[in-house]
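Chemist: Protein chains in written order, with my numbering: chain A, 1 to 289; chain B, 1001 to 1410; chain C, 2001 to 2341.
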Amino acid sequence: MSQFTQQVILGLLLGGVYVAVALGFSLVWGILNIVNLAHGALVIVGSYITWDLFTRWHIDPFLSLPIDALVLFVIGYALQRGVINRVIRAPLLFTFLLTFGINLIIVSLLLLIFTADFRSVTPSYSGNGLHLGSVTIPYIRFGGLVVAFLLAGALWAILNRTRIGAAILAVGADRDAAQLVGIDLRHMYALTFGIGAAFAGVAGGIISTFQSITPTAGDPYTLQAFAVVILGGLGRVSATVLGGLTFGLIEILGQSAPGLGSGYANAIAFVVLVIVLVVRPRGLLGRLA
Amino acid sequence: MRREKLGVVLALTALLAAACGTSGGGTPTTGAAIVFGAAVSLTGAQSKEGGLTKQGYDLWLDWINQRGGIVVNGVKHPVEIKYEDDQSTPNLSATLVQKLITDEKAQFILGPYGSAATATDAIVAEKNGVPMVEANGAAQSIFSKGYKFTFGVLSPANKYLTGVLDMAATLSPKPTTIAMLTANDNFSVEVAKAVEDYAPTKGFQVIFTKQYPAAAPEVSGLISQAARLNPDIVMNSGHLAESIAINKGAKQLGLNAKIFAYSVGPSTPDFIKALGPDANYVFDGSQWTPQVKYKPSFYLSVGEYVKAYKTKYSTTDDPDYHVAESTAACLAFQKAIENAGSLDATKVRDALAGLDVMTFFGQIKFDSRGINTFKPMVVEQIQNGAHYTVFPANVANGKPQYPTPSWSSR
Amino acid sequence: MIAREERVPRSLRRFAVPIGIALLAYVILVPLTSTDTAQQAGLPLLADKLWFRIATTVAMFVVMASAWNIIGGLTGYASFGNVAFFGLGAYTVGVLVSSRSWPFPLALILAPVTASLFALIVGIPLLRLRGHYFAVATLGIGVAVGEVVNNLAPLGASTGLFLPIVRSDLLFFYLMLGAAAVAVLSTWLILRTRFGYGLLAIRENEEAAKIIGVNTNLYKVAAFCIAAALTGLAGGIFAQWNSFINQENVFAISDNVQMILMAVVGGAGTVLGPVAGAISLELIIQTLAGGGSKAVYSQIGLGVLLAVCVIFIPRGVIDFFGGQSRLSLQYLRQTLRETSA
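(1) Check this for me: beta carbons of residue 277 of chain A and residue 26 of chain A, under 8 Å apart or not?
(2) Less than 8 Å between CB atoms is the rule here; does residue 1228 of chain B satisfy it with respect to chain A?
(3) Would a check of beta-carbon distances place residue 2287 of chain C closer than 8 Å to chain B?
(4) Going by DSSP, what residue range makes up the beta strand (DSSP E) through residue 1237 of chain B?
(5) Helix, strand or coil for residue 161 of chain A, going by three-state DSSP, please let me know.
(6) Could you tell me whether any Cβ in chain C is nearer than 8 Å to the Cβ of residue 228 of chain A?
(7) Can you list the alpha helix (DSSP H) stretches of 4 or more residues lying completely in the region 118-197 of chain A, in chain order?
(8) Can you give the beta carbon distance from residue 2089 of chain C to residue 2236 of chain C, rounded, assuming they're within the 8 Å contact cut?
(9) Return the bridge partner residues of residue 1421 of chain B from the DSSP annotation.
(10) On the three-state DSSP scale, how would you describe residue 1375 of chain B?
(11) Just mark residue 2028 of chain C as buried or exposed, buried being the case when its beta carbon has 16 or more other beta carbons within 10 Å.
(12) What do you reckon, are the CB atoms on residue 1325 of chain B and residue 1061 of chain B nearer than 8 Å?
(13) Would you please state the rounded distance, in angstroms, between the beta carbons of residue 1224 of chain B and residue 6 of chain A? I believe it to be under 8 Å.
(14) Is it a yes or a no for the region 1164-1184 of chain B touching the region 1124-1143 of chain B, going by three-plus beta-carbon pairs under 8 Å?
(15) Measuring straight from C-alpha to C-alpha, what distance separates residue 1016 of chain B and residue 2171 of chain C?
(16) Apply the 10 Å Cβ neighbour rule to residue 2154 of chain C and answer buried if 16 or more other Cβ atoms are within range, or exposed otherwise.
(17) Any chance you could list the alpha helix (DSSP H) runs of at least 4 consecutive residues sitting entirely within the region 211-273 of chain A, in chain order?
(18) Which one or two residues does DSSP pair with residue 1084 of chain B in a beta bridge?
(19) Enumerated in chain order, which unbroken segments of the alpha helix (DSSP H) with a length of 4 residues or greater are wholly contained in the region 2199-2253 of chain C?
(20) Report yes or no: is there a C-beta of chain B within less than 8 Å of the C-beta of residue 252 of chain A?
(21) Using a 10 Å radius around the Cβ and a threshold of 16 neighbouring Cβ atoms, would you call residue 4 of chain A buried or exposed?
(22) Keeping to the same chain, check which residues put their C-beta closer than 7 Å to that of residue 2083 of chain C; ignore five residues upstream and five downstream.
(23) Decide if residue 1028 of chain B is buried, meaning its Cβ has at least 16 other Cβ atoms within 10 Å, or exposed.
(24) May I have the straight-line CA-CA distance separating residue 2116 of chain C from residue 2226 of chain C, to the nearest angstrom?
(25) Consider the Cβ of residue 117 of chain A: report whether some Cβ of chain B lies at a distance smaller than 8 Å.
(26) Does any residue of chain B bring its CB to less than 8 Å from the CB of residue 2206 of chain C?
(27) Please name the residue in B:1043, B:1056, B:1351 whose C-alpha comes closest to that of residue 112 of chain A.
(28) Around the C-beta of residue 153 of chain A, are 16 or more other C-beta atoms found within 10 angstroms, so that it is buried, or is it exposed?
(29) Which term fits residue 1024 of chain B, buried or exposed, when burial requires 16 or more other beta carbons within 10 angstroms of its beta carbon?
(30) Using a beta-carbon distance cut-off of less than 8 Å, what residues from the region 1201-1222 of chain B approach chain A?
(31) Starting from the beta carbon of residue 1288 of chain B, find every residue of chain A whose beta carbon is closer than 9 Å, and list them in chain order.
(32) So, at 6 Å on beta carbons, what are the nonlocal neighbours of residue 1087 of chain B in its own chain, with the 5 sequence-adjacent residues on each side left out?
(33) Would you kindly report the start and end of the unbroken beta strand (DSSP E) that includes residue 1365 of chain B?
(34) Using a threshold of 8 Å, state whether the C-beta atoms of residue 1048 of chain B and residue 116 of chain A are closer than that.
(35) For a test of the three-state rule: what should DSSP assign to residue 54 of chain A, helix, strand or coil?
(36) Does any residue of chain B have a CB that is nearer than 8 Å to the CB of residue 270 of chain A?
What follows is the structure, encoded as structure tokens:
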């Protein structure tokens, strides 16, 4: 039983990481209708910033998260304003192609700057955990989960309690109407993408504490963000949280699924995703169209 | 039929080129450059390992050219290595090897990194009748297909962790139970399978064995499952990224074992940098270590090799075994070409098949399949942040620190 | 239809036909210079082994991009799981040839069958999904099938499958070229039938298509199965040509991304767009794949090139040079408007 509890806890902790990764992806997709294939690369840029600050000035990885957010916001804003805005009204597949190209460029630049060495952020407390009876909660992972919830709360507050958030939602709902009431569309697009990138950066900071970082380490996260957003349903913060936690649970519990080799963990995760889609095409918490 | 003819044409071209080189160069003892080709991963997921492979090749290239090249029948031929970047995708690798052979006129192929790319390249080499010596694809499946032109200088996958078991059998109190975590790629699965087959013969019991997807490894769930069973030995057959993640996870989740042994990872400097003191006590099965005491019949001694590496790449890190085995592939070619006294593909292939030579990397000799089954693997352990070779005793420079203390008492 | 063809610039048509014929003659005849008879007759060797390797790869991507175009471009269902069809085709041939010792031609016939059967099974539930949701569901299928194959012992699991080497460059090139021709002709034929107009109608407005009497479910599943059969055929040929298959080289999601890139860069929804896209992009990738320390820069170059393509010629290369995609659309929109209340 405690074995099962432990697995559930690990699943939720992993899910927290997926929540953090998927929030920005979901925002950009939901509001701008862009499936950002460079999302994973932006995540890893955040990881490298945290790693750099940690190795150079011994800044605690959790303290560097705001810096990740800031830097990535600037990068994201510039990318959208300077490049992606130019095809924002083109069909979905064009922004898809563009972000694929951007991903290639970012990954190559990371390779040039940081080389392909495996980087890792290991603060002194990284190996410790909270032991509750026979169940263990690693501090680092728990910190990641807390940050993920803070991010989700922050995004919810921005969208629902601020003027900027209202404007972003207006753009997402109806671009032309938003423009008619005097919203500067190009600025709002860039702002939205910037916020999405900032969230990616924070997620990257968390990831650097438990995983080795290489320039290509972000690619799987784009795939996972994709899956999480769909699993939960597009367009709601709570849906992304639910989707992320569920995906983490499925992945960990899939490893101990009876009767199957644990090599099937990925297969199980994606089969569940497909089944959810077929049964509930708008995701677990998705709004009906 | 047609292929043979192509070979003849190639050989003729080479001869012609050689003739031009000698007449134009002025020095009668210098022949045309011998062109080697290598498609290694310089970008993409395996760019780290691909980079190490290239380092190993380049190290030999500098040395041989300083000496004027490879001596073929009294004529010195300088050496050139043409590189292509396979972007870590095996399908591209095949085209690039063909490009190296056809366009860049590579006479010999040095292997890529990774078992899948090696399999793909081996087939291209075979179809072209061009010899390939590879140093970074240890999966044996490649060699069981009767290919005539592919040779591997490294010990095959099944030897990676069995050495650790041999060592563990000599320790007291003797550990008995093994938990095995395996990435589901062909190399790692072969490593694990060998352990599962070998363990019972040495009195060990594999009590937990699980695979995880090699592409996006998340191992915390598996570690916590293993922790419940309190295994004496925790083994990972996978890659650098997972070996780091497993070691971190073991500490976080209180998985205490007497031996932690990982197939790939601990031998690279990145492992110690990433984990700091937590890297201590970890064992790995290694193709080669800077501490081995082989007496080479040519090229550099082990000590000179390490020094040459540090000078060329201005680093304080020791070369890891990926570098050394890559250099060894070049040495195999050099010796085979010298022995053959010819640059003809088939003659060099035959010379490779009959090669038996001692190098800084160990003995290089191929069995009938083309695998170097004659060189032993060594076991190394990280002790106080440095690598020590601890087994087998005749090449060791340290004793195994055993048992590994529990995480809480370090 | 007549109106549409007249709107293609006359000057362009005058050049396009002879250029097309010349290109076709080139790819059909040049490989023959490598035969023993041609060489003995003293003809220059115009197609060496590298030429074959690249040309066969290009033809393979022509098949994949054209097949993707049938479901993604014509029908408007962006599939991210087509690579599963490629892999299934490859594994059909792989298993039958390596474990059951079937002759390759017999096994190859089954490759498209397996792939389209699978498309039928997953297509019926999945094609009810729209837009992004269909994209992700098919992505899930692509990943899941690859992972399952990688774990199944009878399929060689992670070791992959080795097939006996067949040393004929000509055979595989002509096979792949034939598959490419079939793919292009299929697209051309589809666009000239009621079926094709049904697909375009689905892409433009599925509800309206239903109203004008298109059996949308049947049409979509049929398009999906045709795409699968063509992709599976390419996979089957690849298996024997490459002689080694595993999850990494036949279920690569990056291949799926690549076929979409090719179709879209060339011009999705057109007959020749995917062909142009596959040829130009694959040749660029092969050229940029150059080696040495410049490898990183060529990756950056490819990224910049993609961005520039998307921003400056968003409707695809074919349209850029005077294609006809939009014209047929206009025609369609008009008819739809007229018929759908």
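For glycine and all other residues, C-beta sits at the position ideal for the given N, C-alpha and C.
Modeler: Considering the structure as presented:
(1) no
(2) yes
(3) no
(4) 1233-1237
(5) helix
(6) no
(7) With a minimum length of 4 residues, the continuous alpha helix (DSSP H) runs that stay inside the region 118-197 of chain A are 139-161, 163-173, 175-180.
(8) 4 Å
(9) Shown here, chain B extends from 1001 to 1410; a query on residue 1421 of chain B therefore has no answer.
(10) coil
(11) exposed
(12) no
(13) Confirmed, Cβ separation roughly 5 Å.
(14) no
(15) With a pLDDT of only 46 at residue 1016 of chain B, under the threshold of 50, the placement of this residue in the model should not be trusted; the figure read from the coordinates follows. Cα to Cα, residue 1016 of chain B sits roughly 32 Å from residue 2171 of chain C.
(16) exposed
(17) 219-232, 237-255
(18) B:1039
(19) Counting whole runs of 4 or more residues, the region 2199-2253 of chain C contains the alpha helix (DSSP H) stretches 2206-2211, 2216-2242, 2247-2250.
(20) yes
(21) exposed
(22) 2142, 2251, 2252, 2253, 2255, 2256
(23) Any reading at residue 1028 of chain B must be qualified, since the residue scores a pLDDT of 45, below 50, and its modelled position is unreliable; the value itself is stated next. Answer is exposed; the Cβ neighbour count stays below 16.
(24) Rounded to the nearest angstrom, the two C-alpha atoms are 7 Å apart.
(25) Judged by the 8 Å Cβ criterion, residue 117 of chain A is in contact with chain B.
(26) no
(27) B:1043
(28) exposed
(29) The predicted position of residue 1024 of chain B is uncertain, since its pLDDT is 41 and thus under 50; no value can be drawn from it.
(30) 1210, 1211, 1212, 1213, 1215, 1216, 1218, 1220, 1221, 1222
(31) Under the 9 Å cutoff, chain A gives no residues; its nearest Cβ is about 20 Å from residue 1288 of chain B.
(32) 1043, 1044
(33) 1362-1365
(34) Yes, the Cβ-Cβ distance between residue 1048 of chain B and residue 116 of chain A is below 8 Å.
(35) helix
(36) False, the Cβ-Cβ gap to chain B never drops below 8 Å.
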